[in-house]
Amino acid sequence: MDERLRDHVESALGHRFRDPALLERALTHASLAAERAESNERMEFLGDAVLGLVVCESVYTRYPRLLEGEMTKIKSLVVSRHCCARVAKDLGLDAALATGKGMQAAGEVPMSLAAAAIESVIAAVYLDGGFEAAGRLIRRWFDPMIDEAASSGHQKNFKSFLQQYAQQSGNHPPAYRVLDEQGPDHAKCFKVAVEMGSRRFPACWGQAKKAAEQEAALAALRELGVLGTDGEVRLDPERTNGAPPHTESPARHAPQDV
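In terms of this note's numbering, the sequence shown is residues 71 to 328.
Printed below as a string of structure tokens:
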């Protein structure tokens, strides 16, 4: 990487590297590296973990009233390939990524490579400046996306989705059972499980009965395999007709100090 390009990337990132070799490796695709270990693949692995932790912490602290399922939905959306690629392209990392001739001939950098670039660069910043430096940049880039996701009606009606699933797949309609209650009357928590016919899904806790029902519906959608890795519900009649058989799953532990 020549000095002019490095200066440009560092200015875009807002981080000056003490070890420029880290940045160069982060922006070297396996198609160009002499050996795969010299590419950005290992750094992508590390950067993915750092990104996930910082985003989870940011969602947790910025939105203290969100339930676990809602936080998971936001996190899945924000760290998705689409959002990571968007950040990478905004920073110009796609243009700075060093690739082999075959990749260069293909023209525009694919979304997957752009997403990998931001994760590997996050790892480079983490290794060069520590967790605080990486976290500062991640929050600057991804907090607006967190707020966008939180304010755009991400809190899906999982009970409605589960009802649709039952109709599409010919299952019994879901029934919600309160299994336990804890806490004083003014701050009671509820443990709810959803049943469809003879099948019971993992029980979940919520700070209100409706909230617990939403969490239970989300748990059922996960177990049924109709919740995508991006947090979106996939209702496909052909898929749902082949719903897997019931297997027992452990319920969540009761909340403490209620």
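No residue lacks a Cβ here, since even glycine has one placed at the ideal position from N, Cα and C.
If you draw a 10 Å sphere on the C-beta of P134, you find fewer than 16 other C-beta atoms in it, and that means exposed.
Counting along the chain, R292 sits inside no beta strand (DSSP E); it lies in the alpha helix (DSSP H) bounded by residues K279 to L294. Apart from sequence neighbours up to five positions away, the residues of its chain that approach A184 with a beta-carbon distance below 8 Å are C154, A155, A158, K159, L163, D164 and L167, ordered along the chain. Residue environment: Q237 is assigned as exposed (fewer than 16 neighbouring CB atoms within 10 Å of its CB, all protein chains considered). The straight-line gap separating the alpha-carbon atoms of L288 and A273 is approximately 10 Å. With contacts defined as CB atoms closer than 7 Å, I188 and A204 fail to qualify as a contacting pair. Between A96 and A186, the CB-CB gap reaches or exceeds 7 Å. The Cβ atoms of P244 and V262 lie no closer than 7 Å to each other. When the alpha-carbon of W211 is set against those of A82, A220, G139 and L197, the nearest one is in A82. In this structure, A219 lies near L147, with their beta-carbon atoms less than 7 Å apart.
When DSSP states are grouped into helix, strand and coil, F271 belongs to the coil group. Contact annotation, V125 with K143: C-beta distance approximately 12 Å; criterion of less than 8 Å not satisfied. The C-beta distance from L93 to R76 rounds to 6 Å, short enough to meet the 8 Å contact threshold.
Contact between M113 and S182 fails: their C-beta atoms lie close to 15 Å from each other, not under 8 Å.
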